[in-house]
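To start, the structure under review is shown below, and the notes come after it.
Protein chains in written order, with the working numbering: chain A, 1 to 99; chain B, 1001 to 1181; chain C, 2001 to 2668; chain D, 3001 to 3494; chain E, 4001 to 4503.
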């Protein structure tokens, strides 16, 4: 398969992730959608690594994986904290700050 | 053979992704994500990135997902309605997703790069192997490696800070309305 | 001492007097201020005589002397020194101005005695004389304009002298503004002259004028017309005459000095001074002459119907200045200046007498309320009569010779100038008529209440009210105090009046046609460069003028006698018969109303409109419009800042998409 | 020397601000220190005049590279253009400080600090011979005035001062952009960027560049003066400003704008000056007429003078944009004159308001001259000078301005002539409505105090002295003005 | 298999990073200690760490070298901006010292998070390849997400944290995708090689590359609060504890601009003709939206947030031109920005503690009379932000405009100027409140009525005292803003050195 296939696939995933962030209201699911976007980036990186024959992309992908994990950890921590404060699990209700 | 694997994996990846977005129950979303991640791992294998694929399965589909499931379980099954209440987003979100997708596709397909319409150059067997990755990490990307380790540390600290049952503010209990904890 | 030193002294004394009185206003007791002021002017008069004597010692072609103190302005080609020019014309004016001023000062010492503003009065009056002398001695346009404006200011200050009278302050503003308009005309004229000739000093300008402009070229005509704006504004000629009648709000000696004898004749002096320019621009000179003639008729007609004693005299002044303007405009310089002099004598005298009458009437100026004062005030009525005879050009009196000389010269110029002659003659008839209208109505007839009290040795005192509006008067600051001063009781008033009465009678003898030519010969050096210097009035024209003058004068007096003595009440019937004509005249041909409607009201409306509407809508609108736009933007930003996380994400994606789109478009 | 002049007031202000709060003296001692420094500054400025060599160019120059990376020099100097404006600034500020000293202020230490900072900034703007330095001081002037009006002002002071600052800063910021652009774009190939005025004048900017930069500068200067239609800040600010602040605001700050045209706009953008000559002349003319018409329809005495300033500054602009030496000389003279007359006018109006029961409404004044002959005389002299009665230096200024304009564009001069007449109307109306007429209800005629006299009389004395000898100024400014108009005149001929 | 060649590691160049990392560990350990002195101990340790790092950075100035095979640059651009990070962190620490809102975290954790963020900034500022860039950015961000939310019992704090996290992650993902494209198009992650490959292969205008740049620009602009990616800024600034906000406002912006400068002026420099207009458009959008949005804000932090959006727009102008002068002006402005904002934020912190009115503009009303020592710093900060002369803000703006004009973007200079005019409306509103409005002193008296308990007593006692360390920070920053406004040369020299590192 040509590299382009992988790239277009990654683009689709990226957009699906983005759409998810925009449409879902649970912070948890939004975090998952962010994972999708990062993974799309990973797919692209690996594809490009294959295309250029360099290892940089793979290293990058690995780094991104860890970063994503860290974000998830912090994000989930935040969700737990919100839950503990009895805040609603709906980002639309988190709009006290505005204007 | 490769094509078949690709299409199957691609189908699963997209299906998983759509599942994440469209499932009302977060728990199912998490499960869809696992499917998606496994499909990606397969694609990584096709792209001669064995180590990444392995890490994907172990780290992501394994560890991180467990975390998700745990939190979903802790927080509870909160379902949100699919019907979008925000009129702007109802139209704009899919619209921009499609627009961005088209745009990225145009960029990819319109690129004049030679490599993009190939399957990539021939690469040695060591490509994507743990050894190669490790070597890169210890030489050119040493800094990234070290920084990432620091990042893991601080993420842990951060999670502790956030998730710790805070004794500093007793009023948290006062504010419990019905006591669902 | 040279003539120029005397010239400087002429200026120095009144200025010093003014300053001394002003600074010492708290310390000068009683009439001291008056005497200081009079002395200063007396010294100025003496210095004028000194200048005259010294000037006469120079040969006839070297009687134009200049002197300067320092460079007043000298930059970028504009140069004017603080300098004076002493020549026969200047000295002549100095003599008339300082002489008459001196007499009026002395008169005022008594007349103004009980006024609260005594010292202020003399300070102003001295300052006026200084300004007037500065005007006539000025050696260049800048100084001329300075003097010109200073007399305007002094006039304003003295008109508004009783400044708690609204009528007085209003009249002051009017006078000042019209004078300033004149100033502006003169200023622009001066600048145009500087632009044309590169000079501002009189000798320089006159020397180069001929090379700069051709005969009757539009440039010089425009300049002369602008000069005329200045001259007419000061000399109360149409269309700038409206202020002079109102100026009668000032104390009567002020009217005598400024608004009869001296300042208002400055326009005449100016045209005479600028004769080289006017002779280059005959069109302007003709316009000037025509306006002069028109003014003299107009003013005389108004003087026939107004009933305010001082205003009658004021219109008479306008009318007489019309004669002078006409004279100098048709190059009858000697005749013009001659009439200026005689007019100063008899008009000052007339005002002094009128002042005495008004004082006797406790401020009342309406001749309808005066009657039969002849016996009660014998000296005053005699003086008034002499002045009226001179004004009415009764044969043998000074006005007779001076006026007729002008008419003779007009006849001599021939052609269209005959119209001027005719106007002058008709005017003479009207002059005699209104002069004797005053005599008959004020001094003859049944004595009124005031006259009777006066005959019994008491001086009546009415309420202190504004004679014009009847408002109660605030005597705190300057309205004449309880004691009114009349000539019969004050030597200081009688003295100057006597001198002026004599001059009003004999003043004409210096220049009797065919007999004496004192003034003309004296002034000749100044006008030596005039094209009309050699024009001599023929005996025939002179005789015609003398005869016509005598006839019209006598006819006027006779008519007055017929109307006011023989058949009193005729005028009332005439008014009833021609109400529109009467109204037209009483309203002074509606000039004031027209100005009010055409200039004053639109200006005020404009100002009000600008401050209420334009300022708020446009100027404020600019600011508030911007503010509004910014605020609109602000609310848009705030609406977008909904607090909804997903909206923010949407904007990020939108931005990314847009940015990507841009890059795709520019991509090759 | 000049630096001492500029920063001396600030030093005084800082000392006043730091003066210990000993007792409840209402800040009298602090003010006294400030006054002392202001007076010394005045002395130095008089020394500058005495020491001035009218044949030489820039004098007392201090020049060192201040921010070399940006090409900004600290260059100050005196020439005929700013010599008298410096003296005017020092004089009026001394007067304003003295005036303040005789009155009670809340928070006096800050007040004197701000007042002094204002003087330093104004002096700096006049002395600056580097474009960036000029811009710096020009903008810096706003800071103290913002506070002076905003803290010590009258009614609606906050809105007024905000409006004032925003209006003026709109211009200033545009000027900042223009100044930077001038420095950068004038530096040709291989030339270093400089903002030094003399250096910049020698470099040539392309016509298009000159045009937009000129317009930016013009905006700044016209707002500052202010000119129609950019005067929106003026009524509020003048109404709100405390009297001493108002005197320097109107007497000095407005001049900075006009001075800027002469110092910056004409020499640096000669082509644009010629190009926009008609525009500026029209603005000036409309300012004259509009200001005059407004002035005579106002009921507030302060507003009469305020709008008269617009008209007067219109005359100055007119003179400058005749682009001829006569006009520019007249403008320089008129700047000094206007500063000299407007300050005592505002002082006197303040006195009159105090006598009319605290209002400056002309309808509630009247007849105030009676018991106050000295006050009346001073007011009269100042009024006459303001309306440019011939014999005053103001008249000579207007005369020269009209001469210049008449030689350049005759029509403008003729229309401007009406402005001269209108000035007579509104000034004499102002004088008469307040001093003459029947005594208004609630008003009381009172002579001015010696202290107030000490402030007003010296200024009036200067007015009289200049009236007798305007050449004193013209002689010294001639050379500098000639240099300024040389460039545009050159462009004119092209 | 190739033999593993250990890379040459320049410990001297890495020494600031090492110091910081060590500091993090030390602080975490100290934080475990219990006792009343822990707070001071940890804070001192953290401050010491920052001082050490600053000293080491100063020592490395002028070396201009690449570290670890080109992954990191220790050049003057990075090092000079490091000082901004250190200073901002130190300020945040001092301001937090007695700030009630951050006590949710133990002081050790809090300090460690802060130092980690600084470490991330140092890495980011020196990043010379895409991977370093990305991890540096994440190392900077993730602790900040936590710090924003650290005031756990305040709903808005959590909200701020969540918003920052989610939007930040969207930005990160976009950035990552863009970086991937850039890598794909050029085949390298190293900045230098990216640039040379762009020039060599004629792929400078390739859609893949340009789309990559667009997405990367989005991510980076997001961190710098450039409109239209700014929307998190007001909410997060307002919600976060004020010391954290101060740190974020200054340091994050500096770090973001450090990498923006390096990314655009080094890595994708050959495509300048394509990206300069786009960035200019973003700059204009920021200037307009920031300035317009700030008007009428009652929350000072929100006001400063919008103002920071506008300031980002100004600074972007220095990037757009892509010249040494532009870079210099941005670096200088960042220094200026540090001083101006710290002065303002310190006063906000002080008044938050004094009045109980939070960061509402009411809290500073009338302090010209009651608290001149706070009023002056705030005033100077506001005037400097508005670009009044005599302050560092004036020089900064002057410099930016000069850069814009010289880079043929004169119109952008004019936009800066117009933006500054609009900005007066809100800066002056604050100044007017400080000096020209009656104070909010009445509100302060409230706490005493709570039954006379000991707690209330101490609270009242604490309230009436001016927090000395906060005041000191405010005064020092304000003095700096004035001093460098009058003698800007030291900072300008530093900026010039920074520019020389790249051009």
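All residues carry an ideal CB built from backbone N, CA and C; glycine is no exception.
Could you work out which residue in A:98, A:89, A:69 is closest to residue 24 (chain A) when comparing CA atoms only?
That would be A:89, whose Cα lies nearest to the Cα of residue 24 (chain A).
Can you say whether residue 3006 (chain D) is buried or exposed, counting buried as having 16 or more other CB atoms within 10 angstroms of its CB?
buried
Kindly say whether residue 4330 (chain E), judged by its beta-carbon, lies nearer than 8 Å to any beta-carbon of chain B.
Output row for residue 4330 (chain E): interface = no.
How do the segment 3317-3328 of chain D and the segment 2065-2079 of chain C stand: do at least 3 beta-carbon pairs fall below 8 Å, yes or no?
yes
In or out: residue 2521 (chain C) buried (at least 16 other Cβ within 10 Å) or exposed?
exposed
8 Å is my cut-off, CB to CB: does residue 4231 (chain E) come that close to chain D?
no
Short of 8 Å in beta carbon distance, which residues of its chain neighbour residue 1123 (chain B), apart from the five on each side in sequence? Order them along the chain.
1048
Let me see if you follow: with CB-CB separation under 8 Å, is residue 2481 (chain C) close to chain D or not?
With a pLDDT of 47 at residue 2481 (chain C), under the threshold of 50, the modelled position of that residue is not reliable, and the figure given next carries that caveat. For residue 2481 (chain C), no Cβ of chain D is located within less than 8 Å of the residue's own Cβ.
How is residue 3326 (chain D) classed by DSSP in three states: helix, strand or coil?
helix
Under 8 Å Cβ to Cβ from residue 4061 (chain E), same chain only, skipping five residues before and after it: list those, please.
4076, 4079, 4080, 4497
Please report how far the alpha carbon of residue 2244 (chain C) lies from the alpha carbon of residue 2175 (chain C), in whole angstroms.
7 Å
Buried versus exposed, by CB contacts within 10 Å (16 or more), residue 2496 (chain C):
buried
Distance, residue 4370 (chain E) Cα to residue 4458 (chain E) Cα
Interpretation of residue 4458 (chain E) is limited by its pLDDT of 36, a score under 50 that renders its predicted location unreliable; no figure is taken from the coordinates.
Those runs of the alpha helix (DSSP H) which lie wholly inside the segment 3056-3103 of chain D and span at least 4 residues:
3083-3101
Establish whether the CB of residue 3173 (chain D) and some CB of chain E are separated by less than 8 Å.
yes
Using a Cβ cut-off of 8 Å (strictly closer), state whether residue 104 (chain A) contacts chain B.
Residue coverage of chain A in this structure runs from 1 to 99, which leaves residue 104 (chain A) outside it and unanswerable.
What residues in its chain sit with their C-beta under 7 Å from that of residue 4454 (chain E), if we drop five residues either side in the sequence?
At residue 4454 (chain E), the pLDDT of 36 sits below 50, so the modelled position is not reliable; the number obtained from the coordinates is stated separately. Cβ neighbours of residue 4454 (chain E) beyond the five flanking positions: none.
Count the other CB atoms, across all protein chains shown, that sit within 10 Å of the CB of residue 4398 (chain E); report buried if there are 16 or more and exposed otherwise.
buried
Since residue 1147 (chain B) is in the alpha helix (DSSP H), which residue starts that stretch and which ends it?
1142-1163
Between residue 4329 (chain E) and the rest of its own chain, which residues show a CB-CB distance below 6 Å, the 5 nearest in sequence each way excluded?
4318, 4399, 4400, 4403
Spell out whether any CB of chain A is found under 8 Å from the CB atom of residue 4086 (chain E).
With 8 Å as the cut-off, residue 4086 (chain E) does not count as an interface residue toward chain A.
Taking only beta carbons into account, state which residues of the segment 2113-2143 of chain C come closer than 8 Å to chain E, listed in chain order.
none
How long is the line joining the alpha carbons of residue 3281 (chain D) and residue 2070 (chain C), rounded to whole angstroms?
34 Å
Inter-residue Cα distance where the pair is residue 2118 (chain C) and residue 4376 (chain E):
Taking C-alpha positions only, residue 2118 (chain C) is separated from residue 4376 (chain E) by approximately 60 Å.
Extent of the continuous alpha helix (DSSP H) run through residue 3269 (chain D):
Element bounds for residue 3269 (chain D): n/a, residue is neither H nor E.
Indicate the three-state DSSP secondary structure (helix, strand or coil) for residue 2010 (chain C) in the structure shown.
helix
Report yes or no: is there a C-beta of chain E within less than 8 Å of the C-beta of residue 2478 (chain C)?
In this prediction, residue 2478 (chain C) scores a pLDDT of 49, lower than 50, which makes its location untrustworthy; the coordinate-derived value is nonetheless stated afterwards. Chain E contact via Cβ: absent.
Just grab the DSSP bridge partners of residue 2081 (chain C) for me.
DSSP output for residue 2081 (chain C) lists C:2071 as bridge partner(s).
Indicate the three-state DSSP secondary structure (helix, strand or coil) for residue 4163 (chain E) in the structure shown.
helix
Here's the rule: buried if 16 or more other CB atoms are within 10 angstroms of the residue's CB, otherwise exposed. What is residue 2256 (chain C)?
buried
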